[in-house]
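A.B. asks: Quick one: structure below, then a few questions.
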Amino acid sequence: MASCNIEKKFLAELLGTLFLVFFGTGAAVVTLLISDSVSPGTAGIGLLGGLGDWIAIALAFGLTVMACIYLFGKISGAHLNPAVTIGLLVSKNISLKDSVYYILAQVIGACLGSLLLYLCLGSPAVTVGGLGATAPGLNVGYIPAMIAECIGTFFLVLVVMGVAVDEKAEPGFAGISIGMTVTAVIVVLGAFTGASINPARTFGPYLMDVLLGGTNFWAYYPIYLVGPIVGGILAALVYTYLAKGNDACALPQPFKE
Numbered sequence: 000m001a002s003c004n005i006e007k008k009f010l011a012e013l014l015g016t017l018f019l020v021f022f023g024t025g026a027a028v029v030t031l032l033i034s035d036s037v038s039p040g041t042a043g044i045g046l047l048g049g050l051g052d053w054i055a056i057a058l059a060f061g062l063t064v065m066a067c068i069y070l071f072g073k074i075s076g077a078h079l080n081p082a083v084t085i086g087l088l089v090s091k092n093i094s095l096k097d098s099v100y101y102i103l104a105q106v107i108g109a110c111l112g113s114l115l116l117y118l119c120l121g122s123p124a125v126t127v128g129g130l131g132a133t134a135p136g137l138n139v140g141y142i143p144a145m146i147a148e149c150i151g152t153f154f155l156v157l158v159v160m161g162v163a164v165d166e167k168a169e170p171g172f173a174g175i176s177i178g179m180t181v182t183a184v185i186v187v188l189g190a191f192t193g194a195s196i197n198p199a200r201t202f203g204p205y206l207m208d209v210l211l212g213g214t215n216f217w218a219y220y221p222i223y224l225v226g227p228i229v230g231g232i233l234a235a236l237v238y239t240y241l242a243k244g245n246d247a248c249a250l251p252q253p254f255k256e
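The sequence shown runs 0 to 256 under numbering that gives the first Met the number 0.
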């Protein structure tokens, strides 16, 4: 990892998050567009395929995460998520300077991913699909949604710590383990909160929706900022505590950087 300078890490995080948003939220947008074509004006995820809609979207996110970890993991660690980066900062697996670059790259990548989705699918991606923006489900309150995002991210970062950061982790399994964790979380939490578990993934669609004349979702952003960051920090602290005394105190960089 020493040979990889910060510019390369920045680009890897930007591209990885761009792919995550383009393919992941793209699956949500396409689902909504298909739903709207069948029943105009009543588009919704789950209206056509029930839980199958969410499984398909979850797989799009999970498989993209898996591919990006194997692709970019040896360059930047493939965090693709500010909550992961902050968790690793708290557990002293990344420097403060690098973490700032990582988060900036992730946010820019998410915005570019949403913009490219709009360029590919046109205005319906915004007006019907909302660019895959996350929002609490029907009858889901603000605080319960934040707690759900915290729990989902806690699980994700705990898995990251265990399968990718811990020096005892089996090599070669980080990508599939983390990708399938993302998939599982989205299948369960999708109908609750949209299952962001990633502040950058929500920031990109929110910003581009406003700039491209879509719905303003910013009132919900604290759910997808506070919940994931708190979950990521708690997971890093819990795993660090569990690892101590188990000959795993000296933790390497994530994903074998």
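Glycine residues also receive a C-beta, built at the ideal position from the N, C-alpha and C atoms.
Beta-carbon within less than 7 Å of alanine 134's beta-carbon, same chain only, minus the 5 sequence neighbours each way: which residues are those?
C.D. replies: Residue numbering aside, residue 134 sits at position 135 when the sequence shown is read from its first letter. Here the set comprises Gly193, Phe216 and Tyr219.
A.B. asks: Going by beta-carbon coordinates alone, are valine 162 and alanine 173 separated by less than 9 Å?
C.D. replies: For the purposes of this step, residue 162 is identified with residue 163 of the sequence shown, where counting begins at 1. For the purposes of this step, residue 173 is identified with residue 174 of the sequence shown, where counting begins at 1. For valine 162 and alanine 173, yes; Cβs fall inside 9 Å.
A.B. asks: Buried or exposed for threonine 239, going by 16 or more other Cβ atoms inside 10 Å?
C.D. replies: Your numbering for residue 239 matches position 240 in the sequence shown. Threonine 239 is buried by the Cβ-count criterion.
A.B. asks: My output table needs one value for serine 122: the three-state DSSP class, helix, strand or coil.
C.D. replies: As a position in the sequence shown, residue 122 is number 123, starting the count at 1. Coil.
A.B. asks: Check whether the Cβ atoms of leucine 19 and asparagine 197 lie closer than 9 Å to each other.
C.D. replies: Along the sequence shown, one-based indexing puts residue 19 at 20. Along the sequence shown, one-based indexing puts residue 197 at 198. Contact: yes.
A.B. asks: Could you tell me the distance, in whole angstroms, from the CA atom of phenylalanine 9 to the CA atom of glycine 49?
C.D. replies: Residue 9 sits at position 10 when you count from the first residue of the sequence shown. Residue 49 sits at position 50 when you count from the first residue of the sequence shown. Answer to the nearest angstrom: the Cα atoms are 38 Å apart.
A.B. asks: With distance defined between alpha-carbon atoms, name the residue in Ala199, Val158, Arg200 and Ser195 nearest to threonine 180.
C.D. replies: In the sequence shown, the residue the question calls residue 180 occupies position 181. The shortest C-alpha separation from threonine 180 is found at Val158.
A.B. asks: Going straight from the alpha carbon of isoleucine 150 to that of alanine 77, what length do you get?
C.D. replies: In the sequence shown, residue 150 corresponds to position 151, counting from 1. In the sequence shown, residue 77 corresponds to position 78, counting from 1. Distance between the alpha carbons of isoleucine 150 and alanine 77 is about 21 Å.
A.B. asks: What does the Cβ neighbour count give for leucine 270, buried or exposed, with the cut at 16 atoms within 10 Å?
C.D. replies: Because the chain spans 0 through 256 in this model, residue 270 falls outside it and cannot be assessed.
A.B. asks: Taking C-alpha atoms, which residue in Thr24, Ala11, Tyr69 and Gly72 lies nearest to glycine 128?
C.D. replies: Within the sequence shown, numbered from 1, the residue matching residue 128 stands at position 129. Here the closest residue by C-alpha is Thr24.
A.B. asks: Quick check: the Cα distance between leucine 114 and methionine 207, rounded to an integer number of angstroms?
C.D. replies: Numbered from its first residue, the sequence shown carries residue 114 at position 115. Numbered from its first residue, the sequence shown carries residue 207 at position 208. In a straight line, the C-alpha of leucine 114 is about 7 Å away from that of methionine 207.
A.B. asks: Mapping the DSSP letters down to three states, classify leucine 46 as helix, strand or coil.
C.D. replies: Looking up residue 46 in the sequence shown gives position 47. Reduced to three states, the DSSP call for leucine 46 is coil.
A.B. asks: If distances are taken between C-alpha atoms only, which option among Ala27, Gly203 and Leu233 comes closest to threonine 84?
C.D. replies: By one-based count along the sequence shown, residue 84 stands at place 85. For threonine 84, the nearest C-alpha among the options comes from Leu233.
A.B. asks: Within this structure, are the beta carbons of valine 125 and glycine 212 separated by less than 9 Å?
C.D. replies: Residue mapping note: residue 125 aligns to position 126 of the sequence shown, counting from 1. Residue mapping note: residue 212 aligns to position 213 of the sequence shown, counting from 1. Their beta carbons are under 9 Å apart, which means valine 125 touches glycine 212 by this criterion.
A.B. asks: Per DSSP, what kind of secondary structure is glutamate 166 in: helix, strand or coil?
C.D. replies: Residue 166 sits at position 167 when you count from the first residue of the sequence shown. Residue state, collapsed to three classes: coil.
A.B. asks: Along the chain, where does the alpha helix (DSSP H) that runs through proline 227 open and close?
C.D. replies: Taking the first residue of the sequence shown as 1, we reach residue 227 at position 228. Where proline 227 is concerned, the enclosing alpha helix (DSSP H) stretches over 220-242.
A.B. asks: Return the Cβ separation of isoleucine 177 and isoleucine 54 in integer angstroms, given the expectation that the two are a contact with Cβ distance under 8 Å.
C.D. replies: Here residue 177 corresponds to residue number 178 of the sequence shown, with the count starting at 1. Here residue 54 corresponds to residue number 55 of the sequence shown, with the count starting at 1. Isoleucine 177 to isoleucine 54, Cβ: 18 Å. No contact.
A.B. asks: Could you tell me the distance, in whole angstroms, from the CA atom of glycine 203 to the CA atom of leucine 87?
C.D. replies: Here residue 203 refers to the residue found at position 204 when the sequence shown is read from its first residue. Here residue 87 refers to the residue found at position 88 when the sequence shown is read from its first residue. For glycine 203 and leucine 87, the distance between alpha carbons rounds to 22 Å.
A.B. asks: Taking DSSP as the reference, what is the three-state secondary structure of serine 195?
C.D. replies: As a first step, residue 195 must be located in the sequence shown, where it is residue number 196. Serine 195 falls in the coil class under three-state DSSP.
A.B. asks: Threshold first: 4 residues or longer. Then list the alpha helix (DSSP H) segments lying entirely within the segment 67-142, N to C.
C.D. replies: 81-89, 95-120 and 123-126
A.B. asks: Report all residues from its chain with a CB closer than 7 Å to the CB of isoleucine 107; omit the five preceding and five following residues, and keep chain order.
C.D. replies: Indexing the sequence shown from 1 puts residue 107 at position 108. So the qualifying residues of the chain are Leu13.
A.B. asks: Going straight from the alpha carbon of serine 36 to that of valine 28, what length do you get?
C.D. replies: Position 37 of the sequence shown holds residue 36. Position 29 of the sequence shown holds residue 28. Looking at the two C-alpha atoms, the distance is approximately 12 Å.
A.B. asks: Do you know whose CA, among Gly72, Lys73, Asn80 and Ser75, lies nearest phenylalanine 60's CA?
C.D. replies: By 1-based counting over the sequence shown, the position of residue 60 is 61. Comparing alpha carbon positions, the residue from Gly72, Lys73, Asn80 and Ser75 closest to phenylalanine 60 is Asn80.
A.B. asks: How many Å lie between cysteine 110 and glycine 121 at the Cα?
C.D. replies: For the purposes of this step, residue 110 is taken as residue 111 along the sequence shown, with counting starting at 1. For the purposes of this step, residue 121 is taken as residue 122 along the sequence shown, with counting starting at 1. C-alpha separation (whole angstroms): 16 Å.
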